[in-house]
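Undergrad: Everything in the sequence shown is counted per this note's numbering, starting at 48 for the first residue and increasing by one.
Don't be surprised by glycine CBs; every beta carbon is placed ideally from N, CA and C.
Quantities reported herein were computed from a predicted structural model and do not represent experimental measurements.
I have a structure I would like to understand better, so I am pasting it below and will then ask my questions one at a time.
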Amino acid sequence: MLLRQVKVSRDDFRKVIPFFVILLIVPETLPFLILSGANIIPSTCILPDQLTAKRVKLNKTRHSMTLATTESIQRGQVFSIDSLRSTETVRHLAAYQPQYFQLHSMSRAQLRQFSRFMGFSSWQPTFMLRSRLARHFAFVRSDDAMLSVAPGLAELSLEELQEACENRGMSCVNLDRDALAANLQAWLDLHTTTDPPIPEGLMMLWTMVHGKAAAATEPLATASDAPLPSPTSTPA
48 MLLRQVKVSR
58 DDFRKVIPFF
68 VILLIVPETL
78 PFLILSGANI
88 IPSTCILPDQ
98 LTAKRVKLNK
108 TRHSMTLATT
118 ESIQRGQVFS
128 IDSLRSTETV
138 RHLAAYQPQY
148 FQLHSMSRAQ
158 LRQFSRFMGF
168 SSWQPTFMLR
178 SRLARHFAFV
188 RSDDAMLSVA
198 PGLAELSLEE
208 LQEACENRGM
218 SCVNLDRDAL
228 AANLQAWLDL
238 HTTTDPPIPE
248 GLMMLWTMVH
258 GKAAAATEPL
268 ATASDAPLPS
278 PTSTPA
């Protein structure tokens with residue numbers, strides 16, 4: 048819990064300067080930014096209803112991206128969706144084709160898509176996109192290690208479970224405590240694997256094919272954006 052509080056504090060600190068620049072230069076825009084839950088607004092300025100609305104909006108983005116990615120997989124005919132749901136396939140890919148899913152090998156277009164999927168801004172230079180994602184997933188790995196030991200998920204409140212799932216690219220919209228805990232435990236069981244370690248991009252693909260990235264919503268038009276990185280050969 049302390050680690051998550053430190054992360055929130057650091058994230059808020061990075062938002063303070065642009066927040067006050069806007070306050071000094073164009074203060075009349077602040078009410079609109081706060082109401083929209085923009086990424087430059089510190090967490091202490093976001094109301095519970097605004098946080099819920101922000102999560103619903105992100106859920107729709109993830110749903111659209113999930114449709115685009117799964118359709119791309121089906122068109123490619125390299126893997127079936129069912130095979131990618133297998134932890135054995137995920138571990139095989141992590142062992143023999145990790146380069147397709149690692150941040151340092153992603154193109155700018157892929158980094159932008161990954162950032163959008165995580166709810167981050169996607170307009171920065173490439174090195175900043177990569178750095179932001181790397182910092183975030185370094186935190187996730189540390190948090191995973193803490194949650195994997197007793198008392199683990201049992202000590203988390205509903206709000207903390209929601210935040211933990213969102214931090215891992217999994218939706219918390221319309222899910223109760225048991226469903227959130229089950230999804231988070233499934234993530235921990237896979238992501239804490241060290242032989243081999245599972246790259247971040249591959250974990251995002253896993254959340255998509257398992258339907259964990261977005262809660263059920265009305266049908267959405269397929270996104271035209273490039274999907275997250277995918278391998279190019281079938282595992283042996």
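My output table needs one value for Pro244: the three-state DSSP class, helix, strand or coil.
TA: Reduced to three states, the DSSP call for Pro244 is strand.
Undergrad: Can you list the alpha helix (DSSP H) stretches of 4 or more residues lying completely in the segment 184-218, in chain order?
TA: 205-214, all fully within the segment 184-218.
Undergrad: Please classify Val220: is it buried, with 16 or more other beta-carbons within 10 angstroms of its beta-carbon, or exposed?
TA: With 16 or more Cβ atoms within 10 Å of its Cβ, Val220 is classed as buried.
Undergrad: So Leu131 packs on Val256, CB below 8 Å; how close in whole Å?
TA: With 8 Å as the limit, Leu131 and Val256 qualify as a contact, their Cβ atoms being about 5 Å apart.
Undergrad: Apply the 10 Å Cβ neighbour rule to Ser154 and answer buried if 16 or more other Cβ atoms are within range, or exposed otherwise.
TA: Ser154 comes out exposed.
Undergrad: Return helix, strand or coil for Gly123, following the three-state DSSP convention.
TA: Helix.
Undergrad: What span of residues does the alpha helix (DSSP H) with Asp225 cover, start to end?
TA: Residues Arg224 to His238.
Undergrad: Assign Gln144 to one of three DSSP states: helix, strand, or coil.
TA: Correct three-state label for Gln144: coil.
Undergrad: How many angstroms separate the CA atom of Asp191 from the CA atom of Leu150?
TA: So the two alpha carbons sit approximately 19 Å from each other.
Undergrad: Please report the straight-line C-alpha distance between Leu140 and Ala156, rounded to a whole angstrom.
TA: Roughly 22 Å between the two C-alpha positions.
Undergrad: Answer yes if the segment 164-177 comes into contact with the segment 118-127, meaning at least three C-beta pairs across the two stretches below 8 Å, and no otherwise.
TA: No contact exists between the segment 118-127 and the segment 164-177.
Undergrad: For a test of the three-state rule: what should DSSP assign to Pro95, helix, strand or coil?
TA: Here Pro95 sits in helix by DSSP.
Undergrad: Please return the same chain residues whose Cβ sits closer than 7 Å to the Cβ of Gly166, not counting the five positions on each side in sequence.
TA: Excluding residues within five positions, the ones whose Cβ falls inside 7 Å are Leu105.
Undergrad: For His257, which of helix, strand or coil comes out of DSSP?
TA: DSSP places His257 in coil when its eight states are reduced to three.
Undergrad: Go ahead and pull the three-state DSSP assignment for Leu180.
TA: If DSSP states are grouped into helix, strand and coil, Leu180 belongs with the helices.
Undergrad: When DSSP labels each residue in this structure, what does Val220 get in the three-state scheme?
TA: Of the three classes helix, strand and coil, the one that applies to Val220 here is coil, per DSSP.
Undergrad: So for Thr168, helix, strand or coil by DSSP?
TA: The sequence given here places Ser at residue 168; Thr does not occur at that position. Three-state DSSP puts Ser168 in coil, outside helix and strand.
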